[in-house]
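J.: My questions will all concern the structure given below.
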Amino acid sequence: MSFFYATLKRELLLVFRHRSDIINPLAFFLMVAVLFPLGVSPDPTFLSEVASGVIWVAALLACLLSVDGIFRSDYEDGSLEQMLISSESLWAIVTAKVITHWIVSGFFLALISPLVAMMFFLPEPAYPSLIASLLLGTPTLSLMGAIGSALTVGLRKGGVLISLLVLPLYIPVLIFGAGTVQAGAMGLPIQGYLALLAAILVFSLMLAPIAIVAALKISVRS
Amino acid sequence: MLLEVKDLFCERDERILFKRFSMQVKAGEVVQIIGQNGSGKTTLLRILCGLSDAYEGEIFWQDQLINDVRHAYYQAMLYVGHLAGVKGILTAEENLQWMVQLDSSLNKCSIAKALKLVGLYGFEDVPCHSLSAGQQRRVGLARLYLSNAPLWILDEPFTALDKKGVAEKEAFIAEHVSAGGSVILTTHHDLSIPKQIIRPINLDEMAR
Amino acid sequence: MKVSMPRWFYQLASPRWFYSFTGKLLPWFGLATLVFLSVGLVWGLVFAPADYQQGNSFRIIYIHVPSSILAQSCYMLMAISGAIGLIWKMKIAHIIAQVCAPIGASIAVMSLATGAIWGKPTWGAWWVWDARLTAMLVLLFLYIGVIALHAAFENKASADKAAAILALVGLVNIPIIKYSVEWWNTLHQGATFTITEKPAMPPEMWIPLLIMVLGFYCFFSVVLMGHARVELLEREKRSDWVKQLIERY
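First to last, the protein sequences are chains A, B and C.
The numbering of the first sequence is numbering that gives the first Met the number 0, which starts it at 0 and goes up by one.
The numbering of the second sequence is numbering that gives the first Met the number 0, which starts it at 0 and goes up by one.
The numbering of the third sequence is numbering that gives the first Met the number 0, which starts it at 0 and goes up by one.
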């Protein structure tokens with residue numbers, strides 16, 4: 000366990016020393032969201048209708064943007080090799096890395112999401128459902144994204160490929176996440192939706208690390 | 000017998016690198032792998048330390064297959080590859096603190112001493128990206144001075160080091176070997192270690 | 000994770016045995032394909048009665064339904080072969096998984112295309128966000144991901160393993176995706192006319208459909224074996240048995 004905390008500390012240190020890693024996904028999130036009123040219509044009734052979907056799609060893309068970097072720098076500087084031949088558990092490293100990615104691309108994003116919600120005239124009762132759905136849904140995005148990242152880390156051109164691998168897997172989270180916000184906006188109960196998001200999260204927490212560890216071994220040992 | 004390779008076969012991109020290749024590493028010797036560029040030196044070292052499984056054949060650690068005793072093997076083995084595993088954004092000390100966490104065979108208490116021994120005294124708090132290539136290499140090699148592992152696998156350990164640095168590392172390798180450890184390394188440079196403890200293995204001869 | 004398996008399982012693992020065995024099977028499967036597909040098509044397109052609501056346009060069901068079923072089973076086969084390849088380090092299993100991907104993707108495209116053609120007279124639009132069509136589209140995306148990942152690796156052995164992991168991740172996710180898409184569909188569309196929930200079909204309609212499904216499976220086996228044999232020869236081109244084979248011709 001102390002090894003897990005040491006890894007988490009190192010990962011957080013790496014991120015917080017490199018501030019752009021935190022700011023870039025958030026800025027990207029805001030910009031993507033802004034494109035919709037510009038591209039479609041600034042009409043408040045239209046915007047409040049599509050707000051849930053737009054915010055969720057923008058969050059998903061922001062997560063996807065940063066997911067490529069989860070293992071890339073460790074692969075390039077040789078740290079990943081050392082992790083694979085360490086007697087410590089790779090599982091702890093993977094979990095620490097995914098948690099760090101989630102804090103940057105999910106947690107902070109959920110915190111600034113009300114700003115976008117306001118610009119999209121999302122009805123106020125939907126705000127808690129928006130934040131709750133993002134907090135429960137984005138960890139799954141980080142886990143799934145880490146699978147794609149681990150599979151492509153040894154390849155020179157990871158960027159577009161990773162979106163092809165990961166985006167289909169994001170669909171259920173998008174559907175239930177946006178569904179939560181819609182239900183919240185209509186004043187319907189959202190516990191059921193949150194339970195579904197939580198179930199998907201628990202399921203990915205159990206299985207994704209296995210796939211990530213196996214994928215990392217393949218990427219490094221190839 | 001620390002490490003034993005039996006009947007190794009490995010091909011890369013339809014070219015056979017090793018065929019019926021066998022070697023043994025005993026305690027108290029330096030095995031120097033020699034060969035032209037592309038002869039498979041790095042591939043061999045990666046296979047030996049478990050970073051490649053694109054081979055056929057058997058590798059034994061103390062008479063047991065390494066795949067069966069991976070955990071014990073990783074604790075008894077130290078690998079320094081082409082890439083030092085050093086994060087530019089962290090200081091030398093922070094880098095080593097993490098490496099010590101990752102590898103339980105490294106001594107946790109003597110990081111400051113190790114940095115001094117590799118000649119980085121006064122640079123502990125400098126982010127590694129502002130160190131020179133040779134200094135960054137030294138950060139990676141500082142692990143040697145922390146290590147309790149009997150087997151060291153070093154891939155071109157002397158690149159980017161100055162003359163004094165090379166001499167110090169060689170002396171330290173000789174010390175490790177005389178204390179009963181063993182080293183497998185690749186280098187193009189003539190080692191100034193007593194000849195009787197070096198056993199050269201030439202891959203160019205093996206492949207034919 | 001060593002589990003002992005029956006003898007045929009290990010025989011299948013021998014490339015040479017696989018090659019000669021599939022060589023013997025191929026003509027029989029070819030013949031079965033020919034018989035099933037011609038009987039099924041003629042029966043379905045000519046003799047089966049027209050649908051009382053949709054008229055003759057329903058007859059595309061004889062292509063659409065078999066390809067939809069096949070696209071899904073092909074993914075399952077791909078993922079399971081990939082898993083077998085990962086666990087037992089079996090070359091043949093990886094080859095089957097590799098050739099499954101493009102075949103499965105083309106069948107998924109066929110299912111989507113026939114669905115769209117069917118949609119035009121039924122719904123008046125080429126594309127409708129029907130739950131089954133959408134799920135099929137996502138399945139196509141999953142196939143594309145596996146194909147792209149396999150193609151991105153230079154080393155075949157790593158490509159096989161990576162694609163197998165992705166296929167397995169996809170397999171685990173397919174039920175979740177299907178469920179979420181169906182749920183999304185009911186939320187947004189309400190009760191629409193769905194093409195697959197029809198009143199019970201009379202036997203003169205479903206028997207040819209069954210024959211077509213069998214024919215599609217046989218056709219798939221023929222294509223799969225053919226591609227696998229070619230890939231096998233390509234990968235084993237420097238082995239002695241392939242050299243002997245070439246000398247014989």
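Built from N, CA and C at the ideal position, the CB exists for glycine as well.
Below 8 Å between beta carbons is the criterion; list the residues of the segment 53-77 of chain B that meet it against any residue of chain C, in chain order.
T.: Correct list: Ala53.
J.: Listed in chain order, which residues of the segment 127-140 of chain B have Cβ atoms closer than 9 Å to some Cβ of chain A?
T.: Cβ contacts with chain A come from Gly139.
J.: Which residue wins for smallest C-alpha separation from B/Leu16, given the options B/Glu55, B/Val30, B/Leu50?
T.: Nearest C-alpha to B/Leu16: B/Glu55.
J.: Taking only beta-carbon positions, decide if A/Pro171 is within less than 7 Å of chain C.
T.: Chain C contact via Cβ: present.
J.: B/Ile183 to B/Asp203, Cα distance in whole Å?
T.: So the alpha carbons of these two residues sit roughly 17 Å apart.
J.: In terms of residues, what are the limits of the beta strand (DSSP E) holding B/Asn201?
T.: Note, B/Asn201: beta strand (DSSP E), 197-201.
J.: Return the chain-ordered ranges of every beta strand (DSSP E) run that is complete within the segment 142-198 of chain B and spans a minimum of 3 residues.
T.: Whole beta strand (DSSP E) segments, 3+ residues: 150-154, 181-185.
J.: State the DSSP-derived secondary structure class of B/Lys86, mapped to helix, strand or coil.
T.: Reduced to three states, the DSSP call for B/Lys86 is coil.
J.: Write down the C-beta distance between B/Leu47 and B/Ile58 rounded to the nearest angstrom, noting that I regard them as a contact closer than 8 Å.
T.: Rounded, the Cβ-Cβ distance is 7 Å, consistent with contact.
J.: Quick one, which residues of the segment 89-101 of chain A are near chain B if we go by CB-CB under 9 Å, in chain order?
T.: The residues in question are Ile92.
J.: Go ahead and label B/Lys40 buried or exposed: buried means 16 or more other beta carbons lie within 10 angstroms of its beta carbon, across all protein chains shown.
T.: The residue is buried, with at least 16 neighbouring Cβ atoms inside 10 Å.
J.: Between A/Val172 and A/Leu79, which are expected to be in contact by the criterion C-beta below 8 Å, what is the C-beta distance as a whole number of angstroms?
T.: About 27 Å separates the two Cβ atoms, so there is no contact after all.
J.: For the putative contact between A/Leu133 and A/Ser203, defined by C-beta atoms under 8 Å, what is the C-beta separation to the nearest angstrom?
T.: At roughly 16 Å, the Cβ-Cβ gap does not stay under 8 Å, so A/Leu133 and A/Ser203 are not in contact.
J.: Could you confirm whether any beta carbon from chain C is found closer than 7 Å to the beta carbon of A/Leu154?
T.: It does: the Cβ of A/Leu154 has a partner Cβ on chain C nearer than 7 Å.
J.: Mapping the DSSP letters down to three states, classify B/Asp6 as helix, strand or coil.
T.: It is a strand residue.
J.: Which same chain residues end up closer than 7 Å to A/Ser162 when comparing Cβ atoms and leaving out the 5 residues on each side of it in sequence?
T.: Excluding residues within five positions, the ones whose Cβ falls inside 7 Å are Leu63.
J.: Taking the continuous alpha helix (DSSP H) assigned at B/Ile15, which residues delimit it?
T.: Careful: B/Ile15 lies outside any alpha helix (DSSP H), inside the beta strand (DSSP E) at 14-24.
J.: In chain order, what residues of the same chain lie with their CB nearer than 8 Å to the CB of C/Ala261, ignoring the 5 residues before and after it?
T.: As shown, chain C starts at 0 and ends at 248. That puts residue 261 of chain C outside it, with no answer to give.
J.: For B/Leu114 versus B/Ala141, is the C-beta distance shorter than 7 Å?
T.: Against a cut-off of 7 Å, the Cβ pair of B/Ala141 and B/Leu114 comes out as a contact.
J.: Going by alpha carbons, who is nearest to C/Lys242 out of C/Arg15, C/Gly54, C/Leu76?
T.: Among C/Arg15, C/Gly54, C/Leu76, the Cα nearest to that of C/Lys242 is on C/Arg15.
J.: Quick check on C/Val108 - is its C-beta less than 7 Å from some C-beta in chain A?
T.: Chain A, which has no Cβ nearer than 7 Å to the Cβ of C/Val108, makes this no.
J.: From A/Met205 to B/Cys108, what distance separates their C-alpha atoms?
T.: Approximately 36 Å, taken between the alpha carbons.
J.: Note down, in chain order, every chain A residue with its Cβ under 8 Å from the Cβ of B/Lys86.
T.: The answer, in chain order, is Leu13, Ser72, Asp76, Ser78.
J.: Quick check: B/Tyr78 and B/Ile152, are their CB atoms within less than 7 Å of each other?
T.: Cβ atoms of B/Tyr78 and B/Ile152: closer than 7 Å.
J.: Closer than 7 Å, CB to CB, is A/Ile146 near chain C or not?
T.: It does; some Cβ of chain C falls within 7 Å.
J.: Using 7 Å as the threshold, is the C-beta distance between A/Ser148 and A/Thr179 below it?
T.: No, Cβ-Cβ distance for A/Ser148 and A/Thr179 is not below 7 Å.
J.: Using a cut-off of 9 Å between C-beta atoms, extract the partners of A/Arg220 located in chain B.
T.: Chain B residues near A/Arg220: Arg45, Gly49, Leu50, Ser51, Asp52, Ala53.
J.: Whose CA, out of A/Ile111, A/Pro43, A/Ser47, lies closest to the CA of A/Ala26?
T.: Minimum Cα distance to A/Ala26 is reached at A/Ile111.
J.: For C/His63, is the classification buried or exposed, using 16 other Cβ atoms within 10 angstroms of its Cβ as the cut-off for buried?
T.: Buried: at least 16 other Cβ atoms inside 10 Å.
J.: Once you ignore the five residues that flank C/Pro26 on each side, which residues in its own chain have a CB closer than 6 Å to its CB?
T.: Taken in chain order, the list of residues that qualify is empty.
J.: Give the single residue among C/Val137, C/Met109, C/Tyr51 whose Cα lies nearest to the Cα of C/Pro201.
T.: The shortest C-alpha separation from C/Pro201 is found at C/Tyr51.
J.: Under 9 Å between beta-carbons, which chain A residues line up against B/Trp212? List them in chain order, please.
T.: Because residue 212 of chain B is not part of the residues shown, which for chain B are 0 to 207, the question remains open.
J.: Check the Cβ-Cβ distances between C/Gly189 and every residue of chain A, and say whether any is below 7 Å.
T.: Low confidence applies to C/Gly189: its pLDDT is 47, below 50, so where it sits in the model is not reliable enough to give any reading.
J.: Which residues in chain A sit within 7 Å of C/Leu186, going by Cβ to Cβ distance?
T.: Within 7 Å Cβ-Cβ: Gly178.
J.: Report the residue from C/Leu136, C/Ala70, C/Ile94 whose alpha carbon sits nearest the alpha carbon of C/Phe17.
T.: The residue with the shortest Cα to Cα distance from C/Phe17 is C/Ile94.
J.: Is B/Tyr120 buried or exposed, if buried means 16 or more other CB atoms sit within 10 Å of its CB?
T.: B/Tyr120 should be labelled exposed.
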